[in-house]
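Student: Following this message is one structure expressed as structure tokens.
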Amino acid sequence: MKKVIATGLLCAALIGGLSSCATIIKGTEQTVPVASTPEGAEVLVNGVSYGRTPLQLRLKTNQSYTIVVRADGKERIFNVVNRVGTLWVVLDVLTGLVPVVVDAATGAWYELDPNSINVNLE
20 MKKVIATGLL CAALIGGLSS CATIIKGTEQ TVPVASTPEG AEVLVNGVSY GRTPLQLRLK
80 TNQSYTIVVR ADGKERIFNV VNRVGTLWVV LDVLTGLVPV VVDAATGAWY ELDPNSINVN
140 LE
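Remember, the working numbering sits 19 above the position in the sequence shown when you count from 1.
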């Protein structure tokens, strides 16, 4: 009987520890590396200049972005969209209602796609 209770308590602790696992483990932001040939191209995110390549963009996962990489009169436009990461949804559903609400509200379920940008402007 003590083993059954101990096992039940262990399972409850593990499930509680996994609550809102996407928010806890991966957070609500994602790094998107941007590189170009030649280096030094200007990078704009939703119309705002973020610097020159190579650089690492730290973007919130609960929204989509338009990223423009331009140099020497040439430019490429990338639509970076947020997609639901199925693994996080499954883990949240298995651990109860609270994780589903928290991860959905914070945007932690989402992953940005593409997750890196490498553009040739030559």
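No residue lacks a Cβ here, since even glycine has one placed at the ideal position from N, Cα and C.
#1: At 3 residues or longer, what runs of the beta strand (DSSP E) sit wholly inside the stretch 47–126?
#2: Cα separation between Tyr129 and Asn101?
#3: Report yes if the C-beta distance between Ile136 and Val51 is below 8 Å; otherwise report no.
#4: How far does the beta strand (DSSP E) with Lys137 in it extend, from its first residue to its last?
#5: Given a threshold of 16 other Cβ atoms within 10 Å of its Cβ, counted over all protein chains shown, does Lys22 qualify as buried or as exposed?
#6: Applying the 10 Å Cβ sphere with the 16-neighbour rule, what's the burial state of Asp179?
#7: Measure how close the beta-carbons of Arg71 and Val62 come, nearest whole angstrom, since I'm counting them as under 8 Å.
Tutor: Result, derived from the coordinates:
#1: 48–56, 61–64, 67–71, 74–79, 84–90, 93–103
#2: Here residue 129 corresponds to residue number 110 of the sequence shown, with the count starting at 1. Here residue 101 corresponds to residue number 82 of the sequence shown, with the count starting at 1. The straight-line gap from Cα to Cα measures roughly 6 Å.
#3: Position 117 of the sequence shown, counted from the first residue, corresponds to residue 136. Position 32 of the sequence shown, counted from the first residue, corresponds to residue 51. Yes, the pair counts as a contact, with Cβ atoms nearer than the cut-off.
#4: Looking up residue 137 in the sequence shown gives position 118. Per the sequence shown, the amino acid found at residue 137 is Asn instead of Lys. Here the beta strand (DSSP E) through Asn137 covers 136–139.
#5: Start at 1 with the first residue of the sequence shown, and residue 22 comes out as number 3. When all chains shown are included, Lys22 counts as exposed.
#6: Absent from the structure is residue 179, since the part of the chain shown begins at 20 and ends at 141.
#7: Looking up residue 71 in the sequence shown gives position 52. Looking up residue 62 in the sequence shown gives position 43. With 8 Å as the limit, Arg71 and Val62 qualify as a contact, their Cβ atoms being about 7 Å apart.
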